[in-house]
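**Student:** Have a look at the structure that comes next, please.
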Amino acid sequence: MPLSLNEIRERARAFAKEWAGESSERAEAQSFWNDFFSVFGVNRRRVAVFEQKAARFTGSTHGRIDVFWPGVMLAEHKSQGRDLDAAFEQATDYFAGIKDAELPRFVLVSDFQRFRLHDLETGERSDFALAELHKQIGRFGFISGYQTRSYKEEDPVNVQAAERMGRLHDALKAAGYDGHALELLLVRLLFCLFADDTGIFPRQSFHDLIAQRTSEDGADLGMWIGRAFQVLNTAPEKRQTTLDEQLAELPYVNGKLFEEILPLADFNAQMRALLLDASTLDWSRISPAIFGSMFQSVMDAKARRNLGAHYTSEKNILKLIGPLFLDGLKAELDKAGHDERKLAQLHRKLATLTFLDPACGCGNFLVIAYRELRALELEILRRQFATQQSVLAHVQDHVLVDVDQFHGIEIEEFPAQIAQVAMWLMDHQMNLRVSEQFGENVVRLPLKKSATIVHGNALRMDWNEVVPAERLSFILGNPPFIGHHLQTEEQKADMLAAIGDAKAAGVLDFVTAWYVKAADMMRNNPAILTAFVSTNSITQGEQVGILWRAMARYPDLRINFAHRTFKWSNEARGKAAVYCVIVGFSNRQDANPTIYDYEKIDGEPHAISAANINPYLVDAPWVALENRATNLCGMPEMMYGSKPTDGGNFLFTDEEKIAFLQDEPGAEQFIQPFISAHEFLHGEKRWVLWLVDADPAALKGLPKVMARVDAVDRFRKASKAASTRGYPYPTLFRQVTQPKSEYILVPGHTSENRKYIPFGFFTKDDIVGNSSFAIPAATLFHFGVLNSTMHMAWVRAVCGRLESRYRYSKDIVYNNFPWPELLEPAVGGASVPTQTTVAAEAAPTETAAKGDARRGAIEAAAQAVLDARAQFPGSTLADLYDPLTMPPALVKAHAALDKAVDAAYLAAEKAAGRKPPKLGTDAERVAFLFERYQALTSLLPVGKPKRARKSQVPA
1 MPLSLNEIRE RARAFAKEWA GESSERAEAQ SFWNDFFSVF GVNRRRVAVF EQKAARFTGS
61 THGRIDVFWP GVMLAEHKSQ GRDLDAAFEQ ATDYFAGIKD AELPRFVLVS DFQRFRLHDL
121 ETGERSDFAL AELHKQIGRF GFISGYQTRS YKEEDPVNVQ AAERMGRLHD ALKAAGYDGH
181 ALELLLVRLL FCLFADDTGI FPRQSFHDLI AQRTSEDGAD LGMWIGRAFQ VLNTAPEKRQ
241 TTLDEQLAEL PYVNGKLFEE ILPLADFNAQ MRALLLDAST LDWSRISPAI FGSMFQSVMD
301 AKARRNLGAH YTSEKNILKL IGPLFLDGLK AELDKAGHDE RKLAQLHRKL ATLTFLDPAC
361 GCGNFLVIAY RELRALELEI LRRQFATQQS VLAHVQDHVL VDVDQFHGIE IEEFPAQIAQ
421 VAMWLMDHQM NLRVSEQFGE NVVRLPLKKS ATIVHGNALR MDWNEVVPAE RLSFILGNPP
481 FIGHHLQTEE QKADMLAAIG DAKAAGVLDF VTAWYVKAAD MMRNNPAILT AFVSTNSITQ
541 GEQVGILWRA MARYPDLRIN FAHRTFKWSN EARGKAAVYC VIVGFSNRQD ANPTIYDYEK
601 IDGEPHAISA ANINPYLVDA PWVALENRAT NLCGMPEMMY GSKPTDGGNF LFTDEEKIAF
661 LQDEPGAEQF IQPFISAHEF LHGEKRWVLW LVDADPAALK GLPKVMARVD AVDRFRKASK
721 AASTRGYPYP TLFRQVTQPK SEYILVPGHT SENRKYIPFG FFTKDDIVGN SSFAIPAATL
781 FHFGVLNSTM HMAWVRAVCG RLESRYRYSK DIVYNNFPWP ELLEPAVGGA SVPTQTTVAA
841 EAAPTETAAK GDARRGAIEA AAQAVLDARA QFPGSTLADL YDPLTMPPAL VKAHAALDKA
901 VDAAYLAAEK AAGRKPPKLG TDAERVAFLF ERYQALTSLL PVGKPKRARK SQVPA
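Per the UniProt record's numbering, the sequence shown runs over residues 1 to 955.
This is how it looks when you write it as structure tokens:
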């Protein structure tokens, strides 16, 4: 256990006094350094050696290092008055003969009366006299154990530690030591290695036990480790007086970490070497928050190849815990200032807060949340006892925040064990900060309290059994990201158990089950606040309505803060990025709901105050769109494109078409242009064998065509889907929905980087594929509104996404879109009021005339967009709508179209006696559109969405 800083200072004064007159390096240098280490309560023999032989960059082939602590410090000593710059150069010259893993971070040079400390990591250099050593002991935290560290997410020590533990894991597993015993053994070794370097154990005592007391062949290593575990679980008063001296100096840990008796592991020389190799690292540099996930990945050889990327970054965790609780507590601290009564009140509050992560994994969120809570407590203690000159007696009695305020549920045993230990490791690191601040050693041994980490299935458990709702303050975490099509049967059953028989719940992402479970927990305590990291799919498209209908049983729920879509940075290299949101919700209305938006998907967020955050994470009325079978505003109905399901046998490239017609010229009458989203956007050509209404006699005379039909038939009969195997029309697409008139094509998936989704007109002879939608009988007016910024703002807010690309939807996006209120000609010619206003009823002729004018302005502007596109016949739509290459003529045409569409909406609001909205930003447009949607649907029944028909075969 480390000495207190106060005692170290007194020892430093005595050391300086004793060595004040010494000057001869040759006579007394080694005694000087033995006494120097003793100042910090460290036996030099445990950590460092004298006269280590090492190669040099320059001069003679080899030299001898005065004092060498592998991986930590190298010291060079000179007689009084000698050049310390030259001493430093000599010290670094030895680096040529030192292994990379043992290169020191610190170089210390001295001539008895002067010290110069170089931190090679930060580049900092400190010069001070021997007599001032007691004032400089904070610089030697790496010796005393009081070193305050700022952990780096990319620190290679985290990776090296996980890799070394991984090699040990593999060796033990290959030898037959496996399963629960192996996992628990590794977790215990993790604790011991960390304890060796952070003052929980006497310095290097575990390493020395292995290195000095076990045979080189490793045959007795398992027995010594097992015995050490027993000692760590035995209180001092219950230990035998005859206990081995090195074992006896190990502290009593308790906490049930070493309680279970494990089968002894049989080591060999290689395994022993691997454990010693791991112990040579400086484990005080390991971040429990980052290392936990890395340590878990040692169990997976593939995952281990990407260790540097397998963690949840602190940056992303702070995005959640900041607005959930940390920002509010910091604001309270700022308000308290140095008022002792307010500080004491806030301190007591911190000690009563309780947390639950119901999908905690290795405990990343819990560990960071605990660290930040302890950091706030430390600042409170600083302010409370500032007048005591940073010296606080019995400081440990004033540390109230503890690990037992934190709870987790984890379905896998190994990460649950890691989470438990990681909380203790973070607790010790925060205790070191307190010790450094107040000069009194704080070590919570034996461990009397622990985080409650339950190994179990969170979706099948009553969370009240982990922590009662009435005691709970916050629910947080990062539940699993699994789309509905990737869920196992067991996971689907878990979803059903959590959500119940919610309508259409089968399409929900796995993470949504945690939302429902959390809401159920919050019903019993309205004070609970919850925030989850989730896939962005739950705030887009059809999932929104389904999820929030399931949540409707909790009518008081409100979204208090939200991070809109951003790129999650915990994925391994080479894997696709995950696009996430963070949703914070509760049963109370926040005074200042906040949306964190991202101009760039991988950039930094900016906070926007909101009046209300709806399930689409926009500042707008609380609306969850329904799947609507018909258009809300009576516009031409959108239809899906035709689906081939043909194994590629009906489709041709240009070259394939030419070759096919050379062999079968009579087939030309059946080959028509085929348009998918890709061909449309990139100007590419494809063709299709379109046999709708084909004369069977004509087909019999075309053997190449019939060969293709036969191939389609065989392909479908081999399908896993019974409906496909039983489809009786081998000459037709699996789903035939080709328009009978000119239509507007809407690509199903497009880049999120475009300001506008390009739409286009096609004839009935252009066969539209199922990667697109078609709007038959649509006019320039419809084209103009759909190509406007108003419609695009709606798309960005409510459409689904594929990764971050737009995934347009018929039933959600198009059928729910509130169109400008005009007297719209119905399909077929008759004029019908689609969104009749009060003004229209009062003066139909005048209103119709104004409506015609507004419609005419939109149609003229829409034609101008088409004309602007036509000015660049060599460019594809992808080129034209690339933000960097969009021609000025097209930009201006779209700006004029936006103006015409906005004018139609504003005029309708004015005519209806409503206050015209602001439409300057996407947020303002979306808020207005949700208000219009709310008004329209309050008077209309929701149409039930029809099931997609398997085929629509023309008569």
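From the three backbone atoms N, C-alpha and C, an ideal C-beta is built for every residue, glycine too.
For residue 125, does the three-state DSSP call read helix, strand or coil?
**Tutor:** Counting from one through the sequence shown, the residue named residue 125 turns up at place 125. Strand, per DSSP.
**Student:** Would you mind listing the alpha helix (DSSP H) stretches within the stretch 316–340 that are 4+ residues and don't spill past its ends, in chain order?
**Tutor:** Listed in chain order, they are 327–336.
**Student:** Measure the C-alpha to C-alpha separation of residue 906 and residue 917 and round it to an integer number of angstroms.
**Tutor:** Translated into positions along the sequence shown, residue 906 becomes position 906. Translated into positions along the sequence shown, residue 917 becomes position 917. Distance between the alpha carbons of residue 906 and residue 917: 7 Å.
**Student:** Going straight from the alpha carbon of residue 703 to that of residue 623, what length do you get?
**Tutor:** Counting from one through the sequence shown, the residue named residue 703 turns up at place 703. Counting from one through the sequence shown, the residue named residue 623 turns up at place 623. Those two C-alpha atoms are separated by around 57 Å.
**Student:** Thinking C-beta only, is residue 376 closer than 7 Å to residue 320?
**Tutor:** Residue mapping note: residue 320 aligns to position 320 of the sequence shown, counting from 1. Residue mapping note: residue 376 aligns to position 376 of the sequence shown, counting from 1. Not in contact: residue 320 and residue 376 (Cβ atoms no closer than 7 Å).
**Student:** Going by DSSP, what residue range makes up the alpha helix (DSSP H) through residue 364?
**Tutor:** Reading the sequence shown from its first residue, position 364 is the one you call residue 364. 364–384 is the extent of the alpha helix (DSSP H) around residue 364.
**Student:** Note the first and the last residue of the continuous alpha helix (DSSP H) segment covering residue 485.
**Tutor:** By 1-based counting over the sequence shown, the position of residue 485 is 485. Element bounds for residue 485: n/a, residue is neither H nor E.
**Student:** Hey, quick one: how far does the alpha helix (DSSP H) through residue 905 stretch, first residue to last?
**Tutor:** In the sequence shown, residue 905 corresponds to position 905, counting from 1. Element bounds for residue 905: 888–911.
**Student:** Can you give, in chain order, each stretch of the beta strand (DSSP E) that sits fully within the stretch 440–518 and has at least 3 residues?
**Tutor:** Correct list: 452–455 and 474–477.
**Student:** At the level of alpha carbons, what is the spacing between residue 956 and residue 244?
**Tutor:** In the structure displayed, the chain extends from 1 to 955; residue 956 sits before or after that span and is not available.
**Student:** Could you work out which residue in 408, 786, 923 and 874 is closest to residue 861 when comparing CA atoms only?
**Tutor:** Locating residue 861 in the sequence shown gives position 861, where the first residue counts as 1. Among 408, 786, 923 and 874, the Cα nearest to that of residue 861 belongs to 786.
**Student:** Using the beta-carbon count (16 or more within 10 Å), is residue 874 buried or exposed?
**Tutor:** The residue you call residue 874 lines up with position 874 of the sequence shown. Flag for residue 874 reads exposed.
**Student:** Taking residue 815 as the reference, give the member of 910, 200 and 937 with the closest Cα.
**Tutor:** Walking along the sequence shown from the start, residue 815 turns up at place 815. Residue 815 has its Cα closest to that of 937, out of 910, 200 and 937.
**Student:** Alpha carbon to alpha carbon, how far is residue 865 from residue 893? Give it in angstroms, no decimals.
**Tutor:** For the purposes of this step, residue 893 is taken as residue 893 along the sequence shown, with counting starting at 1. For the purposes of this step, residue 865 is taken as residue 865 along the sequence shown, with counting starting at 1. Answer to the nearest angstrom: the Cα atoms are 5 Å apart.
**Student:** For residue 361, which three-state DSSP category applies?
**Tutor:** For this step, residue 361 is matched to residue 361 along the sequence shown. Three-state result, residue 361: coil.
**Student:** Does the stretch 754–763 come close enough to the stretch 663–670 that 3 or more CB-CB pairs lie under 8 Å?
**Tutor:** The stretch 663–670, when compared against the stretch 754–763, does not touch it at the 8 Å Cβ threshold.
**Student:** Closer than 6 Å to a non-hydrogen atom of the ligand SAH - does that hold for the CB of residue 714?
**Tutor:** With respect to the ligand SAH, the structure offers nothing, as it holds no ligand at all.
**Student:** Roughly how far, in whole angstroms, is the beta-carbon of residue 528 from the beta-carbon of residue 562, given that I think they are within contact range, below 8 Å?
**Tutor:** As a working note, residue 528 is residue 528 in the sequence shown. As a working note, residue 562 is residue 562 in the sequence shown. No, residue 528 and residue 562 are not in contact; Cβ-Cβ is about 18 Å, not under 8 Å.
**Student:** Taking the DSSP output, what are the residues bridged to residue 968?
**Tutor:** What is shown of the chain runs 1 to 955, which leaves residue 968 out entirely.
**Student:** Along the chain, where does the alpha helix (DSSP H) containing residue 724 start, and where does it finish?
**Tutor:** Walking along the sequence shown from the start, residue 724 turns up at place 724. First-last of the alpha helix (DSSP H) with residue 724: 722–725.
**Student:** Give the DSSP-derived three-state secondary structure of residue 34 in the structure shown.
**Tutor:** Here residue 34 refers to the residue found at position 34 when the sequence shown is read from its first residue. Residue state, collapsed to three classes: helix.
**Student:** What are the boundary residues of the beta strand (DSSP E) that includes residue 775?
**Tutor:** Taking the first residue of the sequence shown as 1, we reach residue 775 at position 775. Note, residue 775: beta strand (DSSP E), 772–776.
**Student:** How many whole angstroms separate the CB atoms of residue 201 and residue 250, which I take to be in contact at a CB cut-off of 8 Å?
**Tutor:** Numbered from 1 along the sequence shown, position 201 holds the residue referred to as residue 201. Numbered from 1 along the sequence shown, position 250 holds the residue referred to as residue 250. Indeed, because the Cβ distance is near 6 Å, the residues count as touching under 8 Å.
**Student:** Output needed for residue 683: all residues of its chain with C-beta closer than 6 Å, excluding positions within five of it in sequence on either side, in chain order.
**Tutor:** To locate residue 683, count along the sequence shown from 1; it is residue 683. These residues qualify, in order along the chain: 876.
**Student:** Within its chain, find whatever has a CB closer than 7 Å to the CB of residue 519; leave out the 5 residues flanking it on each side and keep chain order.
**Tutor:** Position 519 of the sequence shown holds residue 519. Within the same chain, residue 519 has close Cβ partners 551, 554 and 557.
**Student:** Using DSSP with H/G/I as helix, E/B as strand and the rest coil, what is residue 605?
**Tutor:** To locate residue 605, count along the sequence shown from 1; it is residue 605. Three-state DSSP puts residue 605 in a strand.
**Student:** For residue 766, which option in 369, 857, 673 and 856 has the closest C-alpha, if you only look at C-alpha atoms?
**Tutor:** For the purposes of this step, residue 766 is identified with residue 766 of the sequence shown, where counting begins at 1. For residue 766, the nearest C-alpha among the options comes from 673.
**Student:** What is the DSSP secondary structure of residue 643, reduced to helix, strand or coil?
**Tutor:** What you label residue 643 is simply residue 643 of the sequence shown in a count that begins at 1. Looking at residue 643 - three-state DSSP - the assignment turns out to be strand.
**Student:** Run through the DSSP bridge pairs and tell me what residue 562 is partnered with.
**Tutor:** As a first step, residue 562 is located in the sequence shown; it is residue number 562 there, counting from the start. Paired residues: 583 and 595.
**Student:** Could you have a look at residue 207 and say whether DSSP puts it in helix, strand or coil?
**Tutor:** Indexing the sequence shown from 1 puts residue 207 at position 207. Of the three classes helix, strand and coil, the one that applies to residue 207 here is helix, per DSSP.
**Student:** Is residue 991 helix, strand or coil by DSSP?
**Tutor:** Residue 991 lies beyond the residue range present for the chain, which begins at 1 and ends at 955; the question has no answer from this structure.
**Student:** Grouping DSSP H, G and I as helix and E and B as strand, with all else coil, what is residue 21?
**Tutor:** For this step, residue 21 is matched to residue 21 along the sequence shown. Note: residue 21 maps to coil in three-state DSSP.
**Student:** Could you give the first and the last residue of the continuous alpha helix (DSSP H) run that contains residue 806?
**Tutor:** For the purposes of this step, residue 806 is taken as residue 806 along the sequence shown, with counting starting at 1. Not the alpha helix (DSSP H): residue 806 falls in the beta strand (DSSP E), residues 805–807.
**Student:** Taking the C-alpha atoms as reference points, what is the distance between residue 10 and residue 436?
**Tutor:** The residue you call residue 10 lines up with position 10 of the sequence shown. The residue you call residue 436 lines up with position 436 of the sequence shown. The straight-line gap from Cα to Cα measures roughly 15 Å.
**Student:** Taking 7 Å as the limit between beta carbons, can you name the residues of its chain near residue 47, skipping five residues before and five after?
**Tutor:** Taking the first residue of the sequence shown as 1, we reach residue 47 at position 47. Excluding sequence neighbours, residue 47 sits near 69, 203 and 204.
**Student:** Taking only runs that begin and end inside the stretch 66–105, name each unbroken beta strand (DSSP E) of 3 or more residues, in chain order.
**Tutor:** Qualifying beta strand (DSSP E) stretches, in chain order: 73–77.
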